[in-house]
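Below is one structure, written out as structure tokens, with a few remarks after it.
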Amino acid sequence: MLVGWCGLWAALSGVALIRAAAHPDRIRSTAVDGFWSMTLFWVAIDLGIAAWALLAPVTEVEEFRTLLLINGGLDVLYIGTGILLVTRAAALVRGFGVAILIQGGFLLVLDLGWWWILASSGS
């Protein structure tokens with residue numbers, strides 16, 4: 017699922033950046049540039065997490081559930097950071113904030129969703 021998310025965001029980011037480069041005469045939004053730049057940064061992080069999970073999978077269910085709760089806490093911090101950045105005056109920083117909000121929200125749903133699935137399965 018995380019790899020699919022990365023593929024979607026990488027494709028969208030690539031298309032947006034290629035379109036921007038192909039039309040240099042158009043006025044580009046600094047906030048949009050910030051959004052897509054931060055999105056590409058998060059794609060790299062997500063791919064690193066996915067690779068780590070494939071190379072060193074967690075085998076204990078309780079250990080995995082604990083890891084998911086810790087990640088959920090970090091996701092809340094990402095969302096808070098995104099909100100903080102969106103309220104800033106600089107357009108580039110606002111673009112970063114929107115990307116972090118979307119990423120944090122996705123990760124929170126993913127982490128807590130898996131935690132809930134594992135908790136309700138009795139594992």
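Residue numbers (our numbering): 17 to 139. Each residue gets a CB set at the ideal place from its N, CA and C atoms; glycine is no exception.
Of the residues the options, the one placed nearest residue i, counting alpha carbons only
{"i": "Leu101", "options": "Val114, Trp130, Asp91 and Ile118", "result": "Val114"}
{"i": "Leu123", "options": "Glu78, Glu79, Leu70 and Ile61", "result": "Ile61"}
{"i": "Gln119", "options": "Asn87, Thr103 and Pro73", "result": "Asn87"}
{"i": "Val92", "options": "Gly138, Gly121 and Ala32", "result": "Gly121"}
{"i": "Ser53", "options": "Ser137, Ile133, Val109 and Leu134", "result": "Val109"}
{"i": "Gly138", "options": "Arg104, Ala107, Gly96 and Val77", "result": "Val77"}
{"i": "Ala135", "options": "Ala72, Glu79 and Arg104", "result": "Glu79"}
{"i": "Gly23", "options": "Thr103, Arg35, Leu63 and Leu70", "result": "Leu63"}
{"i": "Gly20", "options": "Ala106, Ala38, Ala66 and Trp132", "result": "Ala66"}
Contact belief for residue i with residue j at Cβ below 8 Å, rounded distance in angstroms
{"i": "Phe57", "j": "Gly111", "result": "At roughly 12 Å, the Cβ-Cβ gap does not stay under 8 Å, so Phe57 and Gly111 are not in contact."}
{"i": "Gly98", "j": "Ile116", "result": "4 Å"}
{"i": "Thr46", "j": "Ser29", "result": "No, Thr46 and Ser29 are not in contact; Cβ-Cβ is about 16 Å, not under 8 Å."}
{"i": "Val48", "j": "Ala26", "result": "About 17 Å; that fails the 8 Å criterion."}
Legend entry - Given 8 Å, three or more beta-carbon pairs between the region 126-133 and the region 71-84: yes
Inset, instruction - Counting only runs of 4+ residues fully inside the region 72-134, write out the alpha helix (DSSP H) ranges in chain order. - result: 77-102
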